[in-house]
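The numbering used here applies: residue 3 is where the sequence shown begins, and numbers increase by one.
C-beta atoms are modelled at their ideal positions from N, C-alpha and C, and glycine is treated no differently.
For reference, the structure discussed in these notes is given below.
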Amino acid sequence: SSGINAEWPLRPGSKPKLYTNHHDITYQEGATSAKEGATSAKDGAKGAEEAINLSKILRKIQRDVKVNPEDTKKNALTSSYWFERNVKASELHTIYLQLSKSRLTSLVVMTAMAGFAFNPVSGTLASFAALSAGTFLCSAAANACNQVMEAPFDAQMDRCKQRVMVRHLVSPLHCLTFSATSAVLGTSMLYYCVNPLTAALGLANIVLYAGVYTTMKRYTIANTWVGSIVGAIPPAMGWAAASGTLDSGALALCALIYFWQFPHFNSLSFNVRQDYCRAGYNMMSVTDVALNARVSLRNTAALIPLCMAIPFTGISHCSFSFYSVVVNTYFTYLAWNFYKSPNKQTARELFRFSLVYLPILFGFLAIGYAFKERTATSEEKHHSDKHYMKDLCPSSVLPASADQLCPVSHKASSGNVTSAPS
Numbered sequence: 003s004s005g006i007n008a009e010w011p012l013r014p015g016s017k018p019k020l021y022t023n024h025h026d027i028t029y030q031e032g033a034t035s036a037k038e039g040a041t042s043a044k045d046g047a048k049g050a051e052e053a054i055n056l057s058k059i060l061r062k063i064q065r066d067v068k069v070n071p072e073d074t075k076k077n078a079l080t081s082s083y084w085f086e087r088n089v090k091a092s093e094l095h096t097i098y099l100q101l102s103k104s105r106l107t108s109l110v111v112m113t114a115m116a117g118f119a120f121n122p123v124s125g126t127l128a129s130f131a132a133l134s135a136g137t138f139l140c141s142a143a144a145n146a147c148n149q150v151m152e153a154p155f156d157a158q159m160d161r162c163k164q165r166v167m168v169r170h171l172v173s174p175l176h177c178l179t180f181s182a183t184s185a186v187l188g189t190s191m192l193y194y195c196v197n198p199l200t201a202a203l204g205l206a207n208i209v210l211y212a213g214v215y216t217t218m219k220r221y222t223i224a225n226t227w228v229g230s231i232v233g234a235i236p237p238a239m240g241w242a243a244a245s246g247t248l249d250s251g252a253l254a255l256c257a258l259i260y261f262w263q264f265p266h267f268n269s270l271s272f273n274v275r276q277d278y279c280r281a282g283y284n285m286m287s288v289t290d291v292a293l294n295a296r297v298s299l300r301n302t303a304a305l306i307p308l309c310m311a312i313p314f315t316g317i318s319h320c321s322f323s324f325y326s327v328v329v330n331t332y333f334t335y336l337a338w339n340f341y342k343s344p345n346k347q348t349a350r351e352l353f354r355f356s357l358v359y360l361p362i363l364f365g366f367l368a369i370g371y372a373f374k375e376r377t378a379t380s381e382e383k384h385h386s387d388k389h390y391m392k393d394l395c396p397s398s399v400l401p402a403s404a405d406q407l408c409p410v411s412h413k414a415s416s417g418n419v420t421s422a423p424s
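Written out as structure tokens, the structure is:
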């Protein structure tokens, strides 16, 4: 190149002497440059190999063949491509449980069982089994439909991005078919194996959750109140399954679940409000943090008089009022802390206690119910022992008065006995 001259021709055994206008190029620098060139060549070969592997993966995607997850980990570019996943039949039961939100559905079934168990009218074992299965199917139908409707928004939330519809494990048509089948089977089982009232409540729950609550979440904070009504219906279903009617006991259990849901959900939504905001959901924790904490405190405090009044409905013994005051006072204390200082710590404490609140309270209800039944049985036994002689010997057989039982002694006591002739 210009600026570089060398002695030419070289004599045998002589080294070239280079002259440059700017730098002296040594043999060591030349060797370093050669090594760098070799490294660049290796990198180029590696890049070419990766490009070939990527092209193979893309050809697999174009043929709608399931891609090995290990292949997608090697190159991040494949994460921007969608491909069809072939779900095996053995995986369907797991997918259906995820579509049903199995943990939430299990809680719904448990509250329906509680309504059935606390009803003074004893239902049959067959109706109890039909209630459990029918409630599970109705809840599964509502949750599956909810996931289809919210899939684009769930994809923007960290807590929901692993759901079935977000990952496209099944098609929307497949999910809706599962939802419709579960709804038909669930309501039919409740109608024919339990009673029409329970089936009507189950159908109303599906419509409220999938049709009303899911839609309202993007428009108004009133969705929380509608969602609480949805959660309060299962105890009424259990009560109606046992007796066929709804009375004060059923309303008390529904009110208990209704008030409990506000501190439970509001404390949960507070710590994930960034997710709700990103997805565009209209929640109290996003629009008004103070209102979110105030509603939690107000509904938690309402549980105190409600639980004190429950024994008057005949569900439990009067001792339940004392036990419930202790539990509800601590629950209200946590809600007060959340109200005074809404932060992640106070919200987490309130949410964690709300998880164990229902098992504790239902446990006290069950103890009070059992004690009440035992007390009623003892009183009935005492009442039957008191009238045992009357039942054994009816009044038509027993003498009506003392003079009929012993007329002579009765006359002697009255002084009307005549002396014997001398």
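Assuming residue i and residue j are in contact, meaning their beta carbons sit under 8 Å apart, how far apart are those beta carbons, in whole angstroms?
| i | j | result |
| --- | --- | --- |
| Ala146 | Ser181 | 4 Å |
| Thr216 | Met151 | 5 Å |
| Pro236 | Ala252 | That belief does not hold up - the Cβ atoms of Pro236 and Ala252 are roughly 11 Å apart, past 8 Å. |
| Leu336 | Leu352 | 5 Å |
| Phe118 | Leu133 | 6 Å |
| Leu305 | Phe261 | 5 Å |
| Asn268 | Val228 | So it is not a contact: roughly 15 Å between Cβ atoms. |
| Arg240 | Ala142 | The sequence shown places Gly at residue 240, not Arg. At roughly 17 Å, the Cβ-Cβ gap does not stay under 8 Å, so Gly240 and Ala142 are not in contact. |
Under a Cβ-count criterion, where at least 16 other Cβ atoms within 10 Å of its own Cβ denotes burial, should residue i be classed as buried or exposed?
| i | result |
| --- | --- |
| Ile54 | exposed |
| Leu293 | exposed |
| Lys388 | Any reading at Lys388 must be qualified, since the residue scores a pLDDT of 48, below 50, and its modelled position is unreliable; the value itself is stated next. Classification of Lys388: exposed, given that the 10 Å Cβ count is below 16. |
| Ala116 | buried |
| Thr200 | buried |
| Ala234 | buried |
| His385 | With a pLDDT of 47 at His385, under the threshold of 50, the predicted position of this residue should be treated as unreliable, and no value is reported. |
| Pro361 | exposed |
| Asn23 | Interpretation of Asn23 is limited by its pLDDT of 46, a score under 50 that renders its predicted location unreliable; no figure is taken from the coordinates. |
| Ser124 | exposed |
| Ser102 | buried |
| Ser397 | Bear in mind that the predicted position of Ser397 carries a pLDDT of just 49, short of 50, making it too unreliable to give a figure here. |
| Lys76 | The predicted model places Lys76 with a pLDDT of 48, which falls under 50 and marks its position as unreliable, so this point remains unresolved. |
| Asn345 | exposed |
| Val196 | buried |
| Lys374 | buried |
| Leu258 | buried |
| Pro313 | buried |
| Cys426 | Lying outside 3 to 424, the shown extent of the chain, residue 426 is not represented and no answer is given. |
| Ile27 | Interpretation of Ile27 is limited by its pLDDT of 49, a score under 50 that renders its predicted location unreliable; no figure is taken from the coordinates. |
| Ala244 | buried |
| Ala311 | exposed |
| Val358 | exposed |
| Cys177 | buried |
| Ser190 | exposed |
| Leu299 | buried |
| Ala47 | exposed |
| Val186 | exposed |
| Gly370 | buried |
Once you ignore the five residues that flank residue i on each side, which residues in its own chain have a CB closer than 7 Å to its CB?
| i | result |
| --- | --- |
| Arg280 | Gln158 and Met159 |
| Phe138 | Thr107 and Val111 |
| Ala224 | Met218 |
| Gly282 | Phe155 and Arg220 |
| Leu367 | Phe120, Ile317, Ser318 and Phe322 |
| Ala212 | Ala144, Cys147 and Asn148 |
| Asn207 | Cys140, Ala144, Val232 and Ile235 |
| Ser250 | Thr315 |
| Thr302 | Pro265, Phe333, Thr334 and Ala337 |
Going by beta carbon distance, what residues of the same chain come within less than 8 Å of residue i, once the five residues before and after it are set aside?
| i | result |
| --- | --- |
| Arg165 | Gln100, Gln149, Ala153 and Asp156 |
| Ile97 | Val89, Val166, Leu171 and Val172 |
Leaving aside the five residues before and after residue i along the sequence, list all residues of the same chain whose C-beta is less than 6 Å from its C-beta, in chain order.
| i | result |
| --- | --- |
| Cys162 | Asp156 |
| Gln263 | Ser230 and Gly233 |
| His266 | Ser356 |
| Val291 | Pro344 |
| Thr348 | Asn339 and Phe340 |
| Leu192 | Gly136, Thr200, Ala201 and Gly204 |
| Ser326 | Cys309 |
| Leu270 | Phe353 |
| Val67 | The pLDDT assigned to Val67 is 44, lower than 50, so where the model puts this residue is not dependable, and the model offers no usable value. |
| Thr331 | none |
| Ser129 | Val196 and Ala243 |
| Cys320 | Pro313 |
What do you reckon, is the C-beta of residue i under 6 Å from a heavy atom of the ligand HEM?
| i | result |
| --- | --- |
| Val110 | Inclusion of the ligand HEM in the displayed structure is not the case, the ligand content being empty and no account of it being possible. |
Complete runs of the alpha helix (DSSP H) confined to the region 270-294 [at least 4 residues]: Complete alpha helix (DSSP H) runs here, min 4: 275-281 and 286-289.
Every unbroken alpha helix (DSSP H) inside the region 104-163 [4 residues or more]: The region 104-163 contains, as complete alpha helix (DSSP H) runs of 4+ residues, the segments 104-119 and 127-156 (chain order).
Sequence ranges, alpha helix (DSSP H) only - wholly within the region 290-325, length at least 4: As far as the region 290-325 is concerned, its whole alpha helix (DSSP H) runs of at least 4 residues are 291-311.
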